[in-house]
Amino acid sequence: MRVGFIGLGRMGKGMAHRILSGRHDLAVYDVAQQATVEFAKEGAHIANSIEDLCKDREVVITMLAEDAHVQDVAFGRGGLCASLPAGAIHIASGTYGIATIRALEAAHAKAKQTLLAVPVLGRPDLAASGQLGLVPAGPQEAIDRCEPLLKLMGKRIFYAGTKPESASAIKLANNAVLGCAITAMGEGFSLVRKYGVEAKVLYEVLTEGLFGGAPAYVGYGKTMVNESYDKVGSPVTIGMKDSVLIAGAANIARVPMPSHDVYIQRLLGAIAHGDGDLDQAALAREQSRASGLE
Amino acid sequence: MTDANRLRVGFIGLGRMGQAMAARILGAGHDLVVFNRSADKATELVKGGAVLASNVKQACEGREIVITMVSDDAALREVTLGAGGVRESLGQGEIHLAMGTHAVAEIQKLASVHSDAKQILVAAPVLGRPDMAAIGQVSIVAGGPSQAVKKCDPLFQVIGKRTFQCGDRAEHASVTKLANNFMLGCAIGAMAEGFSLTRKFGVVPQVFYEVMTEGLFAAPAYKVYGKIMVDEAYDKVGFTAMLGLKDFSLIMAAAEAARVPLPSGNAFRDRLLSAIAHGDGTKDWAVVGREQARASGLE
Numbered sequence: 001m002r003v004g005f006i007g008l009g010r011m012g013k014g015m016a017h018r019i020l021s022g023r024h025d026l027a028v029y030d031v032a033q034q035a036t037v038e039f040a041k042e043g044a045h046i047a048n049s050i051e052d053l054c055k056d057r058e059v060v061i062t063m064l065a066e067d068a069h070v071q072d073v074a075f076g077r078g079g080l081c082a083s084l085p086a087g088a089i090h091i092a093s094g095t096y097g098i099a100t101i102r103a104l105e106a107a108h109a110k111a112k113q114t115l116l117a118v119p120v121l122g123r124p125d126l127a128a129s130g131q132l133g134l135v136p137a138g139p140q141e142a143i144d145r146c147e148p149l150l151k152l153m154g155k156r157i158f159y160a161g162t163k164p165e166s167a168s169a170i171k172l173a174n175n176a177v178l179g180c181a182i183t184a185m186g187e188g189f190s191l192v193r194k195y196g197v198e199a200k201v202l203y204e205v206l207t208e209g210l211f212g213g214a215p216a217y218v219g220y221g222k223t224m225v226n227e228s229y230d231k232v233g234s235p236v237t238i239g240m241k242d243s244v245l246i247a248g249a250a251n252i253a254r255v256p257m258p259s260h261d262v263y264i265q266r267l268l269g270a271i272a273h274g275d276g277d278l279d280q281a282a283l284a285r286e287q288s289r290a291s292g293l294e
Numbered sequence: 001m002t003d004a005n006r007l008r009v010g011f012i013g014l015g016r017m018g019q020a021m022a023a024r025i026l027g028a029g030h031d032l033v034v035f036n037r038s039a040d041k042a043t044e045l046v047k048g049g050a051v052l053a054s055n056v057k058q059a060c061e062g063r064e065i066v067i068t069m070v071s072d073d074a075a076l077r078e079v080t081l082g083a084g085g086v087r088e089s090l091g092q093g094e095i096h097l098a099m100g101t102h103a104v105a106e107i108q109k110l111a112s113v114h115s116d117a118k119q120i121l122v123a124a125p126v127l128g129r130p131d132m133a134a135i136g137q138v139s140i141v142a143g144g145p146s147q148a149v150k151k152c153d154p155l156f157q158v159i160g161k162r163t164f165q166c167g168d169r170a171e172h173a174s175v176t177k178l179a180n181n182f183m184l185g186c187a188i189g190a191m192a193e194g195f196s197l198t199r200k201f202g203v204v205p206q207v208f209y210e211v212m213t214e215g216l217f218a219a220p221a222y223k224v225y226g227k228i229m230v231d232e233a234y235d236k237v238g239f240t241a242m243l244g245l246k247d248f249s250l251i252m253a254a255a256e257a258a259r260v261p262l263p264s265g266n267a268f269r270d271r272l273l274s275a276i277a278h279g280d281g282t283k284d285w286a287v288v289g290r291e292q293a294r295a296s297g298l299e
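Protein chains in written order, with my numbering: chain A, 1 to 294; chain B, 1 to 299.
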């Protein structure tokens, strides 16, 4: 297929390499030109603008960090909506708010293009090896056409439905459940510590029992036990950005989410105390502060 | 089993859990005396060689370790502090092994009472269900003076597959067990919110279930309770909403006493209360999934 890829960050890079490995005709674009160098060596076309990238493409994948970026790329002058051929598909792979996905969907429809929302589950190393989870949603015919690309990027595909916003909702809800798990773990550790129990003991009880096998608990719990918050996977500020999107989705859908509200408040407190750049597990430190332990 | 390894054990409280645990101890060859208010619960154990005591006193006399497995704090207090109770009847230097789930404050109080009577309290609540206890597959969280915990270890080994040493005070075990239940409740509450949010955007619950349990949340807590929510099988009761509320009251009391704010726990407890207010108190506590849906205008 003739594919374009925009956004060659840590995740995007791995995903674009997977597309190349399937011998598709790939054009790439990134605002940071340096990121495109390795793709030139491998035979990809390096586009000098989004407009240039869109020429003759059947599918363009975007992997951009923020709603504002994907909006710029889609709606800006010479952007996707203006430049993609009619009938082409835009796969939006980041984690975006419901309102953004709805706006993209409407604008592409107006230009006779199709939006698929395909948020991904996993880290950069999984992206590089094609082991991501993918959550595609959009018109069935478009999903069918993109199936060969999806199979290159992910090992497990969760079909979310025919409306792109369904995929966003899943990704946001998954992040919400994660945030709540991190917050609750912080509370549990503070509780036992106040009674003189070592955090490690509760960690073992949790991860050898009800929460065994769950990376959310095994990973973040370990960081809390070791208080190694400066080894950053996903920082507090990214949690904050996502939680604002989650709260926005909850507002649009009229879903009260009291546990998630607690998570937002702990994120805010952590940032207020200067811990914004630490790993999200630092919410345990924020909790222990609130408990008079720090 | 050699006589030297054979412990003289008393067992008080033969509910479903207690029966299964006592049977494991008997099966390992220990000298077992059992007591339950309704003696018919002891029939199988007596057939297997246990001696039936006619009161708590008889279940304590001459015993090295007396296990209590009673349903709540009031029952534990009565059995321990009442006339002819464990405190009066257990010999000096012997161990009261409390294996139910109890309030931290209650355990602290009993530890001090036993200490005054020159006895030792070990708390060792159990993680798991009766069917797991019957085959020795539960886990045990143990707390108390290390010599006493060590003495109980042969019993732990036949009752459970894994014992976690929580610390040298009985309350260490109580709070660890409560924290584990706390984490489970919070996970149920958060999952419920996730299901309501995704449903409102047209997602089939099964899909969100798969995303969670094949990814970040590939653990029994999410698999078991998420499945109940997907199937809306709240009538198949493992643990009722009412019992969940009881546990969360113990948790919040322990947190208040230690000055630990638990906002996630408060959010979950309020959902449980609402579920009970809507008549779902005897359903499985995963019914918080339905309560969250109600709060979201989905029911």
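Even for Gly, the Cβ is constructed at its ideal location relative to N, Cα and C.
ASP73 (chain B) has no beta-bridge partner at all, per DSSP. Nearest Cα to GLN165 (chain B) within the set A:ARG102, A:VAL205, A:SER166: A:VAL205. By alpha-carbon distance to ARG156 (chain A), the top candidate from A:SER166, A:GLN131, A:THR162, A:CYS180 is A:GLN131.
In this structure, ARG199 (chain B) sits near LEU298 (chain B), with a CB-CB distance shorter than 8 Å. Straight across, the Cα-Cα distance linking ILE91 (chain A) with GLY179 (chain A) is about 26 Å.
Against chain A, a Cβ distance below 9 Å from ASP270 (chain B) picks out PRO258.
Counting along the chain, the unbroken alpha helix (DSSP H) around TYR209 (chain B) starts and ends at 205–213.
Counting the other Cβ atoms within 10 Å of the Cβ of GLU294 (chain A) gives fewer than 16, which makes it exposed. Among the CB atoms of chain B, one or more fall inside 8 Å of the CB of GLU187 (chain A).
In terms of beta-carbon proximity, LEU206 (chain A) lines the interface with chain B, with at least one pair separated by less than 8 Å.
Here ILE95 (chain B) is not near ILE135 (chain B), since their CB atoms are 8 Å or more apart. Within chain B, the residues placing a beta-carbon under 7 Å from that of GLY161 (chain A) are GLY202, VAL203, ordered along the chain. Counting every other CB atom within 10 Å of its CB across the protein chains shown gives MET183 (chain B) a total of 16 or more, marking it as buried. Within the model, the alpha-carbon separation for ALA173 (chain A) versus GLU165 (chain A) is close to 12 Å. In this structure ARG77 (chain A) is exposed. Its beta-carbon is surrounded by fewer than 16 other beta-carbon atoms within 10 angstroms. Any Cβ of chain B closer than 8 Å to the Cβ of ALA92 (chain A) would place that residue at the interface, and such an atom is absent.
Residues of the region 206–231 of chain A whose Cβ lies closer than 7 Å to any Cβ of chain B, in chain order: LEU206, GLU208, GLY209, LEU210, PHE211, GLY212, GLY213, ALA214, PRO215, ALA216, TYR217. Within the model, the alpha-carbon separation for MET224 (chain A) versus TYR217 (chain A) is close to 10 Å.
Shown in chain order are the members of the region 253–277 of chain A whose Cβ falls below 9 Å from a Cβ of chain B: ALA253, ARG254, VAL255, PRO256, MET257, PRO258, SER259, HIS260, ASP261, VAL262, TYR263, GLN265, ARG266.
Just so you know, the alpha carbons of ASP72 (chain B) and LYS163 (chain A) end up roughly 50 Å apart. Straight across, the Cα-Cα distance linking LYS109 (chain B) with ALA103 (chain B) is about 10 Å. In its chain, beyond the 5 residues on either side, ALA103, VAL104, ALA105 have a beta carbon closer than 8 Å to the beta carbon of ALA253 (chain B). Cβ-Cβ separation between ILE107 (chain B) and VAL66 (chain B): approximately 15 Å, too far for a contact (criterion under 8 Å). By the beta-carbon neighbour count (other beta carbons within 10 angstroms, threshold 16), GLY122 (chain A) is buried.
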